[in-house]
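Student: This is the structure I have questions about; it appears just below.
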């Protein structure tokens, strides 16, 4: 099953790790460096799922998720938060913004792939 994923993270290292893990699993991956760039990339895309960091310049993950949820065709697109943060109140804020799930960095590639398959399946 080939899924199209948009991953938004300001860390080049994390973007490279995601590229390696997800392309090896047969996913089509599109990358963005922050929330503003993520919305630009999303404009020409219909991803099966979105992965977003929380702490980013220009537009953080919560703002990005809220903006995505305001776009009709992305209202139901699964969004996984990938972050070093694990505070319950931040998880609650992400869920309120429209996040589907939460994965803590450093991520385990097989777990991330399984999570993507679960939210898109």
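Numbering (the working numbering), first residue to last: 1 to 121. Each residue gets a CB set at the ideal place from its N, CA and C atoms; glycine is no exception. Everything numeric in this text was worked out from a predicted model, so none of it was measured.
1. Which one of 54, 106 and 104 has the shortest CA to CA distance from residue 9?
2. DSSP three-state call for residue 83: helix, strand or coil?
3. Output the distance between the C-alpha atoms of residue 98 and residue 6, rounded to the nearest integer angstrom.
4. What does DSSP give as the partner residues of residue 28 in its beta bridges?
5. Based on Cα-Cα distance, which residue from 71, 47 and 39 lies nearest to residue 58?
Tutor: For this structure:
1. Taking the first residue of the chain shown as position 1, residue 9 is located at position 9. Ranking 54, 106 and 104 by Cα distance to residue 9 puts 54 first.
2. As a position in the chain shown, residue 83 is number 83, starting the count at 1. Correct three-state label for residue 83: strand.
3. The residue you call residue 98 lines up with position 98 of the chain shown. The residue you call residue 6 lines up with position 6 of the chain shown. In a straight line, the C-alpha of residue 98 is about 16 Å away from that of residue 6.
4. For the purposes of this step, residue 28 is taken as the residue at position 28 of the chain shown. Answer is 4, bridged to residue 28.
5. Translated into positions along the chain shown, residue 58 becomes position 58. Comparing Cα positions, the closest option is 39.
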